[in-house]
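No gaps in the numbering here: position 55 of the sequence shown is 71 in our numbering, and each next residue is one more. All C-beta atoms in this analysis are idealised placements derived from N, C-alpha and C, irrespective of residue type, glycine included.
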Amino acid sequence: MLRPLVWFLMQSSAAALFGILLLVAFVATAALQWPILDWYRYDFLLLYALLIQFFLIYFKLESWREVSVIAIFHLLAMFMELFLTAPQIGSWHYPEPAVLKIATVPLFAGFMYSAVGSFLARSLRLFSVSFEGLPSLRWLGVLAVLCYLNFFTKYVLPDIRLGLFVASVFLFYRTRMHFNWAGHRMQMWFLPCLLGLAGLVWIAENIATYTNIWLYPSQVEQWHWVGLGKVGSWYLLLLLSIVLVLSVMGKRSPDGRWRLHSS
């Protein structure tokens, strides 16, 4: 019983390596007095994230296909960051200075989202994931676009996230994942897995805000846990991520089965 659990934890840690290394850096740099040797913390984190990415590519821990997914997700995330941190929106802000930034967003910020994309892409490969009952990628693409646009339009139009949650259940209620677990082929429903991942990202978000990486307006005077409602936001962002990853990393057959590309 212990051996399969250890195997699962090791594989999960390998899949989440980018994110784990970033969180370690958040915690390790939080208590230091910045700037250090004229380096601001956010600029150091950018260099650190670039080194992680180089390490993963150089040692072939990430394929170029996975890197392409991460790059696309990075760009989409930076556009969203620029909008949501603009003074007239102010959903959150980065409280420390940086030289390497665009408007209000330090350049390292996109790598936090890249870590999510990296985890999803590497998980598919390391656990040899396949799907059955996967909806048409065309419909999933529509859902992903609406999830992304709603992060922008909800400030001028009605927030449609409730409808997006319902649509995701309608599309994915029959979808099951098949994956390797210590030499055995296992399966589970996809939606509980997606919700669980959103919860894990919410925990990581609390670590990031606690270490002053970014802050919500209500956290400026005194830090507190990010509200559970943010799990819903991460759920929608993960929907966007998984659709992008599935579109690039594998192929769906007409009967709803999805398999990883062979290379």
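Residue i - containing alpha helix (DSSP H), residue span
i    : result
L276 : No alpha helix (DSSP H) contains L276, which is instead part of the beta strand (DSSP E) from W274 to L276.
F167 : L153 to T169
S130 : A125 to L142
L25  : L18 to A31
Residue environment, residue i, which counts as buried when at least 16 other CB atoms sit within 10 Å
i    : result
Y171 : exposed
S269 : exposed
F127 : buried
V43  : exposed
Q69  : buried
M193 : buried
E221 : buried
M26  : exposed
A47  : exposed
M202 : exposed
A119 : exposed
S184 : buried
I86  : buried
D59  : buried
Beta carbon of residue i nearer than 8 Å to that of residue j
i    : j    : result
A198 : P20  : yes
A65  : F124 : yes
L187 : W239 : no
W274 : F147 : yes
L210 : L254 : yes
W218 : V247 : yes
V264 : G157 : no
L12  : F99  : The structure shown does not extend to residue 12, since the chain is modelled only from 17 through 279, so no value can be given for it.
A189 : L213 : It is worth fixing the name first, because residue 189 is Tyr in this sequence and not Ala. No.
T180 : L153 : The identity of residue 180 in the sequence shown is Leu, whereas the question assumes Thr. Not closer than 8 Å, so no.
First through last residue of the beta strand (DSSP E) which encompasses residue i
i    : result
N196 : R192 to W197
I266 : Checking the sequence, you will find Gly at residue 266 rather than Ile. Note, G266: beta strand (DSSP E), G266 to R268.
Same chain, Cβ closer than 8 Å to residue i, five either side skipped, listed in chain order
i    : result
Y56  : W50, E112, P113, A114 and V115
A160 : L255, L256, V259 and L260
Neighbourhood of residue i by C-beta, 6 Å cutoff - its chain only, sequence neighbours within 5 removed
i    : result
I229 : F42
A93  : G126 and Y129
W2   : In the structure displayed, the chain extends from 17 to 279; residue 2 sits before or after that span and is not available.
T45  : R57
G266 : W274, R275, L276 and H277
Spatial neighbours of residue i in its chain, beta-carbon cut-off 7 Å, leaving aside the 5 residues before and after
i    : result
A31  : F135, R138, S139 and L142
Q235 : T225
G215 : V247
L195 : Here residue 195 turns out to be Phe, not Leu, going by the sequence shown. The answer, listed in chain order, is F143, S144, V145 and M202.
Whole alpha helix (DSSP H) elements within the segment 185-242, 4-residue minimum
If one requires a minimum length of 4 residues, the alpha helix (DSSP H) runs lying completely within the segment 185-242 are 206-226, in chain order.
For a minimum of 4 consecutive residues, which ranges assigned as the alpha helix (DSSP H) are wholly contained in the segment 41-119?
The segment 41-119 contains these whole alpha helix (DSSP H) runs: 57-74 and 80-100.
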